[in-house]
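Just so we're aligned: 506 in this note's numbering is position 14 of the sequence shown, and the numbers increase by one with no gaps anywhere.
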Amino acid sequence: MKDCKSFAGILSLVLFFLANFKFSICSKFYDITAKDIYGRDVLMGDHFRGKVVLIVNVASECGYTDLHYKQLVDLQSRFSVDHFVILAFPCNQFGSQEPNRNSAIHRFVRKKYKVQFRMFSKINVIGEQAHPLYKFLESQTRRSPTWNFNKYLIDREGNVEKYWDHTVPPLDCLKKIKKLLNFAVYNSETLRVDAGEL
């Protein structure tokens, strides 16, 4: 009987530890800072807490560029930025297909695709020099990007809910995004971000 009580006590402590450990891991998304396309620090918790977030590593000269940028623009246009945001991170690690500087990348996506979602400075997404954001994403999914345009979906609490590789078009993520937003159909008027805030 005494052994049973001891085991129950130890089990309770282990479960308590695991519950708190999971919370601390999941909350780390909001503690991460990344530089936007203008070089300004952006703390995830200050800007995206309570929102559904789609994180994508992008490239300007990839075979997937045209389809993905067009569908990402479409996807963002379907939802208010108060509820859903796309964060795009240029990366040159796959086929050297993002060789340009941040300013040139920004001009390209604004001119060709009319991008209104948040663009960030070019980073590494794999390897020892990977940005802390991508180290966090890999720790949560055990999946790291294998090419340009891999996608991670973050829920309103900062948990990584889903990973899609480059073969999955952005609009194929729509059902999961709606589920996280708790909307069967979203008919609200879209709020567009002013160009100066991107």
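Even glycine gets a Cβ: it sits at the ideal position worked out from N, Cα and C.
E649 has its alpha-carbon roughly 21 Å from the corresponding atom of S636. Under the 10 Å beta carbon count, Y530 is surrounded by fewer than 16 other beta carbons and is classified as exposed. By the neighbour-count criterion, in which 16 or more other beta carbons inside 10 Å mark a residue as buried, S613 falls on the buried side.
Counted as a single uninterrupted DSSP element, the alpha helix (DSSP H) harbouring T633 occupies residues 624 to 633.
In the DSSP annotation of this structure, the continuous segment of the beta strand (DSSP E) that includes K643 starts and ends at 643 to 646.
In this structure, C554 lies near N640, with their beta-carbon atoms less than 9 Å apart. A residue is called buried once 16 or more other Cβ atoms fall within 10 Å of its Cβ, and A596, having fewer, is exposed. A distance below 8 Å between beta-carbons, with the five flanking residues on each side excluded, links D647 to the following residues of its chain, in chain order: V544, E653, L672. Around the C-beta of T638, fewer than 16 other C-beta atoms lie within 10 Å, and the residue is accordingly described as exposed. Within the same chain, and ignoring the five residues on either side of K527 in sequence, the residues whose Cβ sits closer than 8 Å to its Cβ are D533, V534, F612, S613. The beta carbons of I547 and L564 sit no closer together than 9 Å. Using a Cβ-Cβ distance cut-off of 8 Å, the segment 556 to 563 and the segment 597 to 608 are in contact, since at least three pairs of beta carbons, one from each stretch, lie closer than that value. In the structure shown, the three-state DSSP call for V577 is strand. Under the three-state reduction of DSSP output, A596 falls in the helix class. Judged by beta-carbon spacing, I524 lies beyond the 9 Å limit of F609, meaning their Cβ atoms are not closer than that value.
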